[in-house]
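Encoded as structure tokens, the structure appears first; notes follow it.
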Amino acid sequence: MFYYGFPVVLLSTIDEKGKADVTPISCTFTLGTNAVIALVKLNQAYENVMAVPEVVLNLPNASMWEQVEKIAPYTAKDPVPAQKAAKYTHTDDKFALGGFTPLASDKVRPPRVAECPIQAEAKVVNVNDRNGYVLVELEIVQVHAQDHLVMEGNKINPLQWEPLIYNFKHYYGIGEHKGLNFTIK
Numbered sequence: 318m319f320y321y322g323f324p325v326v327l328l329s330t331i332d333e334k335g336k337a338d339v340t341p342i343s344c345t346f347t348l349g350t351n352a353v354i355a356l357v358k359l360n361q362a363y364e365n366v367m368a369v370p371e372v373v374l375n376l377p378n379a380s381m382w383e384q385v386e387k388i389a390p391y392t393a394k395d396p397v398p399a400q401k402a403a404k405y406t407h408t409d410d411k412f413a414l415g416g417f418t419p420l421a422s423d424k425v426r427p428p429r430v431a432e433c434p435i436q437a438e439a440k441v442v443n444v445n446d447r448n449g450y451v452l453v454e455l456e457i458v459q460v461h462a463q464d465h466l467v468m469e470g471n472k473i474n475p476l477q478w479e480p481l482i483y484n485f486k487h488y489y490g491i492g493e494h495k496g497l498n499f500t501i502k
């Protein structure tokens, strides 16, 4: 499989009864006010997104890797699908298990993860069905960032922000600053 690593996102969703779930994902990208995420159809997050087409993309910093890993072997699916049963265990509350605090969102129903320095509330605009997974197109409707991360122009300060990167099943920070793109100068 060709998978070279991406920033980790803690995806908040809710089911049709309003029960919140948080799941780590790392197949994401953003462009402007749009984001695309990939979800495996066996996951509770997929079912939740199909039932309630709203999410929060919670971006943990690199220091949160142990909290992310703590919830990684758990699923909200009950019963656990046979294909996942060897490695995953059911839990009703991954927020509590990971030591995460649910925080009310402004424009969507799923909660934010209070501990994540950046959170993007989003609404589903399209779902592209693939074999065993879906590509979910999102419109970002509200972004929250801790004050120390925001610089002039209401942009994230890359010298202050250290995202958690998932690279070939290993967690990393971003390391040493190398330089600026020509469009910044």
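Reminder that position 91 of the sequence shown reads as 408 in the working numbering, one-by-one numbering, no gaps.
All residues carry an ideal CB built from backbone N, CA and C; glycine is no exception.
The structure presented is a predicted model; accordingly, all values stated were derived computationally and were not measured.
Check	Outcome
Pair within 8 angstroms by beta-carbon distance, residue 437 and residue 373	yes
CB of residue 483 within 8 angstroms of CB of residue 322, strictly	yes
Opposing strand residues paired with residue 436 [DSSP bridges]	375, 461
Paired residues, beta bridge with residue 446 - DSSP	451
Cα-Cα separation, residue 342 to residue 468	27 angstroms
Buried/exposed call for residue 368, threshold 16 Cβ in 10 Å	exposed
Classification of residue 339 by the beta-carbon crowding that lies within 10 angstroms, buried from 16 upward	buried
Cβ-Cβ distance between residue 379 and residue 454 below 8 angstroms	no
Classification of residue 412 by the beta-carbon crowding that lies within 10 angstroms, buried from 16 upward	buried
Between the CA atoms of residue 475 and residue 496 - distance to the nearest angstrom	11 angstroms
Rounded Cβ spacing between residue 371 and residue 440 (contact assumed at less than 8 angstroms)	5 angstroms
For residue 395 and residue 333, the rounded distance between their alpha carbons	15 angstroms
Residue range of the unbroken beta strand (DSSP E) whose run includes residue 412	Counting along the chain, residue 412 falls outside any beta strand (DSSP E), though it belongs to the alpha helix (DSSP H) covering 411 to 415.
Rounded straight-line distance, which links the Cα of residue 361 to that of residue 429	17 angstroms
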